[in-house]
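**Student:**
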Amino acid sequence: MSRSLIDKYSFIYRQLSDRELDGDCFYGFLSVKEKEIEDALRHLHQENLTTGSYEVFVGGNSVGGVNIEKIETKHKADDVTLKVDLSKKRIGSDYVICEDWNELLSYEEKIETPVDSLFFTGNETKLTSDESNQKFESYKTVGKLFSLIRELALETSGKADTIFYGRPLFFDFKLKEEDIEKPVDIQAIEKIHSKDMHKEAITFLICSELVSCLKDKDADKRFSYLVQHISSFVANVLLSYQGYVDNYNFEKVRKEYLEKKTEYIIKIYNVFDAIGIKLLSIPAGIWFATNQITEAGLRDPGLYKNFIVLVTVFFLVSILILHCSGQFSVLKSLRKEYTDLFDSLKLQFPNESDNIISVKFDLNSAEFKVELKLWSAIIASVVMFIMTAVLFFISFK
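Residues -12 to 384 (the working numbering) are what the sequence shown spells out, left to right.
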């Protein structure tokens, strides 16, 4: 809606002849014989950008007034003009009508949340996403810089306009048109600030550069100075970050992957431990069941009891085998998880690749041992079932 509104405001503004400013409104003369002009006035009236009540002039002489809703055919004659008023300023949620850049940039909320479209009455400039220029693009990027500073203030336990890094760094967010004449690019800063790894260190690196760059500037000049010197600031942050990465304490890296090793070792052995109690119950259950097998003839009721015991042992062993089989899937999932993690760490820290490979080998070895235990449990269960079946068959008289 704001785009359409800005289009119509700028259209009517440029159509006004003998335009002059009186108080909070522009006044000028306009012919409404074109339907586009009439529709634009109706829309502006709905948005309270024009009163909608206009003085009518015929041949240059005033003949009364008319409301925008009551315009008739006679008001569209060639010699009829209306004296139209337009509000000189409107600060909307996603659009702005004002005199120039300096006035727009005096509103902190419009720096924090850049508008999508605007019209400057001072030089009849309309800017939208489709009709942009360098200043407009820089203006929108400044909003991202504003948000970054607010995030840094939050991360350093400061107020919304104060960053803490050894000392409070207060910002008064004021800008002038000259501040956005050059391109403003902070993509590199946004990229490293969004990293999860070294998050705290990155925050303090950026804050350190901000303090170094702006500590000697007055609070009301800091944001302006930062915008004007954004390229050198970004370059300094990137150099500091690269230096931090190059000199990263590898003891911390070792601690990180050794902690992960311990974590995955526990998870891997828990795969077998999770069914360990169930495994202990199997021999006792089978021993109890086989004690119920007695000698019986083909027509002896004891044969049916023996058969039920055999079937019971079969289901008991089957359930155990299903439990063990399910644990293989868990091991496979864990293997993929830690393999991806340590492969990533190996690429990130090539100097530690040998140690990381050793950790992976230990985890693979632990996984192999647990798989052996699971297979042993499965084989033992099958053997016990076979023994029960043998007892069943030799129980015949």
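Glycine is no exception: its CB is placed at the ideal position from the N, C-alpha and C atoms. Predicted model, so just to flag it, every value in this text is computed and none were measured.
Here's the rule: buried if 16 or more other CB atoms are within 10 angstroms of the residue's CB, otherwise exposed. What is Asp65?
**Tutor:** By the 10 Å Cβ count, Asp65 comes out exposed.
**Student:** Mind reading off the beta-carbon distance from Leu8 to Val71? Whole number of angstroms is fine, and I expect it under 8 Å.
**Tutor:** About 13 Å separates the two Cβ atoms, so there is no contact after all.
**Student:** Classify Arg154 as helix, strand or coil using the three-state DSSP reduction.
**Tutor:** Coil, per DSSP.
**Student:** The alpha helix (DSSP H) with Gly79 in it runs from where to where?
**Tutor:** Unbroken run through Gly79: none, as it is neither H nor E.
**Student:** Just the Cα atoms here: how many angstroms apart are Ser211 and Ile24?
**Tutor:** Whole-angstrom Cα-Cα distance: 41 Å.
**Student:** If you follow the alpha helix (DSSP H) that Tyr126 is in, where does it begin and where does it stop?
**Tutor:** Gln121 to Glu142 is the extent of the alpha helix (DSSP H) around Tyr126.
**Student:** Which residue or residues does DSSP assign as beta-bridge partners of Glu42?
**Tutor:** Note: Glu42 sits in a beta bridge opposite Gly52 and Lys70.
**Student:** Is Ile343 closer than 7 Å to Tyr244 when the C-beta atoms are compared?
**Tutor:** Result yes, Cβ atoms of Tyr244 and Ile343 sit closer than 7 Å.
**Student:** Would you grab the beta carbon distance between Val19 and Lys63 for me? Rounded to a whole angstrom, and I think it's under 8 Å.
**Tutor:** Val19 to Lys63, Cβ: 6 Å. Contact.
**Student:** On the three-state DSSP scale, how would you describe Thr37?
**Tutor:** Thr37: coil per DSSP, three-state reduction.
**Student:** Candidates Pro155, Leu132 and Ile136: which alpha carbon is nearest Gln174's?
**Tutor:** For Gln174, the nearest C-alpha among the options comes from Leu132.
**Student:** Three or more beta-carbon pairs under 8 Å between the segment 46 to 59 and the segment -8 to -1, yes or no?
**Tutor:** No: the two stretches stay apart, fewer than three of their Cβ pairs being nearer than 8 Å.
**Student:** Only counting the same chain, and skipping five residues up and downstream in sequence, which positions put a Cβ closer than 7 Å to that of Ser368?
**Tutor:** Ile269, Val304, Leu307 and Ile308, listed in sequence order.
**Student:** Please classify Thr60: does DSSP put it in a helix, a strand, or coil?
**Tutor:** Helix.
**Student:** Which value, in whole angstroms, describes the spacing of the CA atoms of Val171 and Lys22?
**Tutor:** If I take the Cα positions, the gap works out to 42 Å.
**Student:** Buried or exposed: where does Ala364 fall if 16 or more other Cβ atoms within 10 Å of its Cβ makes it buried?
**Tutor:** Looking at its Cβ environment, which holds 16 or more other Cβ atoms inside 10 Å, Ala364 is buried.
**Student:** For Leu141, I'd like the list of residues in its chain whose CB is within less than 6 Å of its CB, leaving aside the five on either flank, ordered along the chain.
**Tutor:** Hits under 6 Å: none found.
**Student:** Restricting to Cα atoms, I'd like to know which of Val317, Phe191 and Leu156 is closest to Lys204.
**Tutor:** Among Val317, Phe191 and Leu156, the Cα nearest to that of Lys204 belongs to Leu156.
**Student:** Report yes or no: do the segment 93 to 103 and the segment 148 to 163 share at least 3 C-beta pairs separated by less than 8 Å?
**Tutor:** Verdict: yes, contact present.
**Student:** Compute the beta-carbon to beta-carbon distance between Thr108 and Ile78, rounded to the nearest angstrom, for a pair I have assumed lies under 8 Å.
**Tutor:** Incorrect: roughly 13 Å between the Cβ atoms, too far for contact.
**Student:** So, at 8 Å on beta carbons, what are the nonlocal neighbours of His180 in its own chain, with the 5 sequence-adjacent residues on each side left out?
**Tutor:** Here the set comprises Leu135, Glu138, Ile189, Thr190 and Ile193.
**Student:** Out of curiosity, what's the CA-to-CA distance linking Gly284 and Phe302?
**Tutor:** Low per-residue confidence applies at Gly284: pLDDT is 45, beneath 50, and the placement is therefore not dependable, though the value from the model is reported in the following sentence. Cα to Cα, the separation comes out at about 24 Å.
**Student:** Smallest Cα separation from Cys12: which of Val224, Leu36 and Asp26?
**Tutor:** Checked all of Val224, Leu36 and Asp26; the closest Cα to Cys12 is Leu36.
**Student:** Suppose you measure from the CA of Glu358 to the CA of Thr128; what does that come to, to the nearest Å?
**Tutor:** Distance between the alpha carbons of Glu358 and Thr128: 56 Å.
**Student:** Which residues share a DSSP beta bridge with Thr391?
**Tutor:** It is not possible to answer for residue 391, since the shown part of the chain is limited to -12 through 384.
**Student:** What is the residue span of the alpha helix (DSSP H) that Lys113 lies within?
**Tutor:** First-last for Lys113: Thr112 to Leu114, but that is the beta strand (DSSP E), not the alpha helix (DSSP H).
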